[in-house]
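See structure below.
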């Protein structure tokens, strides 16, 4: 069935079966990178709907799969953040832990074993989402232990160094970069927090309960709040 | 006692400064438009030219919106379960959606 309304043609062009969780399309619109139900990542050619395998099965479900702006890497997270080279299929892990000691300490005296959990360090926290900026020069890693406050690390993909860590009350792991890479927004339980990346300072927080995205070409932020879709614009 | 009043005032001002600064920043972001969705949102995406928004819903529908007018362009019955991902592709001529029904639709 073809539905045409207001000049747009919303007829279906094709369906891909066995796609699970999430996926992202390459900047040229040719490839879809997505997981199958066995948790392997595949590349589907959207013109032929044929596929080739990018990663093995069983790495775990991921909340996001996104191409970088140059189309050369797929950014994803399986508790640790990964950039997967599309051509070579090699994974590049981010260096999270540096030389920190493990938080787990096990002591044995006779037949008694004591396990000390110690203090969990931020650098041991899991990474749940990897969101590249539109230019691809930065990525935001949504991180945190389950049941603990989340935080966001922003990395420079050129130098592979962390450029900032962003924390606020009740934030989640879904983030969005402004079109000029100057601002970062993060979802929250009741409010969306916006930071200036260069200074690390919070710029604003606006009402909204989760899903949000910056406009690709304007200082505009789309936020949902229950059944409302709110468009915020930065006053010049 | 008189000497402590300005000190208390100064301390109060210092405590309130972050809140005052935050309020000033928050006021820079104004609601430009507000639309009523057919259901809660599970995902959303702008078109590459920023003129349209696609919103995925937990019931499998995808609603498409014109940002400038705030009007709904279309509602697609895209999936039988929650929509996880929406993305405009090919210069915004196509919309790709992925749902919890294990399907990607173009």
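Protein chains in written order, with our numbering: chain C, 1 to 236; chain G, 1001 to 1106.
Just so you know, even glycine gets a beta-carbon here, dropped at the ideal spot from N, CA and C.
For clarity, every value in this text was computed on a predicted model and none was experimentally measured.
Which of helix, strand or coil does DSSP assign to residue i?
i, result
"residue 156 (chain C)", "strand"
"residue 135 (chain C)", "coil"
"residue 256 (chain C)", "In the structure as shown, chain C begins at 1 and stops at 236. Residue 256 (chain C) is therefore absent and cannot be evaluated."
"residue 124 (chain C)", "helix"
"residue 244 (chain C)", "As displayed, chain C neither begins before 1 nor continues past 236, which places residue 244 (chain C) out of reach and without an answer."
"residue 1005 (chain G)", "helix"
"residue 1018 (chain G)", "Residue placement at residue 1018 (chain G) cannot be trusted, given a pLDDT of 49 that sits under 50; what the coordinates show is reported in the next sentence. Looking at residue 1018 (chain G) - three-state DSSP - the assignment turns out to be helix."
"residue 217 (chain C)", "coil"
"residue 52 (chain C)", "strand"
"residue 232 (chain C)", "strand"
"residue 57 (chain C)", "coil"
"residue 208 (chain C)", "coil"
"residue 107 (chain C)", "Unreliable placement is indicated for residue 107 (chain C), whose pLDDT of 49 sits below 50; the coordinate value is still reported in the next sentence. Strand."
"residue 1093 (chain G)", "coil"
"residue 1046 (chain G)", "strand"
"residue 13 (chain C)", "coil"
"residue 164 (chain C)", "strand"
"residue 144 (chain C)", "coil"
"residue 1099 (chain G)", "strand"
"residue 80 (chain C)", "strand"
"residue 245 (chain C)", "Residue 245 (chain C) falls outside the range modelled here, since chain C spans only 1 to 236, and no answer is possible."
"residue 201 (chain C)", "coil"
"residue 1030 (chain G)", "strand"
"residue 115 (chain C)", "At residue 115 (chain C), the pLDDT of 44 sits below 50, so the modelled position is not reliable and the matter cannot be decided from this model."
"residue 72 (chain C)", "coil"
Counting along the chain, where does the beta strand (DSSP E) carrying residue i start and finish?
i, result
"residue 86 (chain C)", "Segment: none, residue 86 (chain C) is in no beta strand (DSSP E) and carries neither H nor E."
"residue 260 (chain C)", "The question about residue 260 (chain C) has no answer, for chain C in this structure spans 1 to 236."
"residue 238 (chain C)", "Shown here, chain C extends from 1 to 236; a query on residue 238 (chain C) therefore has no answer."
"residue 24 (chain C)", "20-25"
"residue 212 (chain C)", "212-214"
"residue 1084 (chain G)", "1083-1089"
"residue 1067 (chain G)", "Here residue 1067 (chain G) belongs to no beta strand (DSSP E), and DSSP marks it neither H nor E."
"residue 1077 (chain G)", "1071-1077"
"residue 1053 (chain G)", "1052-1056"
"residue 191 (chain C)", "191-196"
"residue 35 (chain C)", "31-35"
"residue 66 (chain C)", "65-67"
"residue 1040 (chain G)", "Here residue 1040 (chain G) belongs to no beta strand (DSSP E), and DSSP marks it neither H nor E."
Below 8 Å between beta carbons: does that hold for residue i and residue j?
i, j, result
"residue 25 (chain C)", "residue 36 (chain C)", "no"
"residue 64 (chain C)", "residue 72 (chain C)", "no"
"residue 143 (chain C)", "residue 157 (chain C)", "no"
"residue 198 (chain C)", "residue 209 (chain C)", "no"
"residue 163 (chain C)", "residue 66 (chain C)", "no"
"residue 1089 (chain G)", "residue 29 (chain C)", "yes"
"residue 56 (chain C)", "residue 40 (chain C)", "yes"
"residue 214 (chain C)", "residue 177 (chain C)", "yes"
"residue 1067 (chain G)", "residue 1056 (chain G)", "no"
"residue 175 (chain C)", "residue 140 (chain C)", "yes"
"residue 1060 (chain G)", "residue 1082 (chain G)", "yes"
"residue 1105 (chain G)", "residue 48 (chain C)", "no"
"residue 43 (chain C)", "residue 33 (chain C)", "yes"
"residue 88 (chain C)", "residue 136 (chain C)", "no"
"residue 17 (chain C)", "residue 1103 (chain G)", "yes"
"residue 1085 (chain G)", "residue 1098 (chain G)", "yes"
"residue 232 (chain C)", "residue 1032 (chain G)", "yes"
"residue 166 (chain C)", "residue 189 (chain C)", "no"
"residue 222 (chain C)", "residue 1095 (chain G)", "no"
"residue 1046 (chain G)", "residue 1053 (chain G)", "yes"
"residue 1028 (chain G)", "residue 204 (chain C)", "yes"
"residue 234 (chain C)", "residue 219 (chain C)", "yes"
"residue 179 (chain C)", "residue 227 (chain C)", "no"
- What residues in the segment 216-234 of chain C have a beta carbon less than 8 Å from any beta carbon of chain G? Within the segment 216-234 of chain C, the qualifying residues are 216, 217, 218, 220, 221, 222, 224, 226, 227, 228, 229, 230, 231, 232, 233 and 234.
- Task: With 9 Å as the C-beta to C-beta threshold (strictly closer), list the residues of the segment 36-69 of chain C near chain G in chain order.
- Result: Correct list: 36, 37, 44, 46, 49, 63, 64 and 65.
- Please name the residues in the segment 1032-1045 of chain G whose beta-carbon is closer than 9 Å to at least one beta-carbon of chain C, in chain order. Listed in chain order, the positions of the segment 1032-1045 of chain G with a beta carbon within less than 9 Å of a beta carbon of chain C are 1032, 1033, 1034, 1035, 1036, 1037, 1038, 1039, 1040, 1041, 1042, 1043, 1044 and 1045.
- Residues, ordered as in the chain, of the segment 15-26 of chain C that lie near chain G by beta-carbon distance below 8 Å: Correct list: 15, 16, 17, 18, 19, 20, 21, 22, 23, 24 and 25.
- Residues in the segment 191-208 of chain C having any Cβ partner in chain G nearer than 8 Å: For the segment 191-208 of chain C, which is checked against every Cβ of chain G, the residues closer than 8 Å are 194, 202, 203, 204, 205 and 206.
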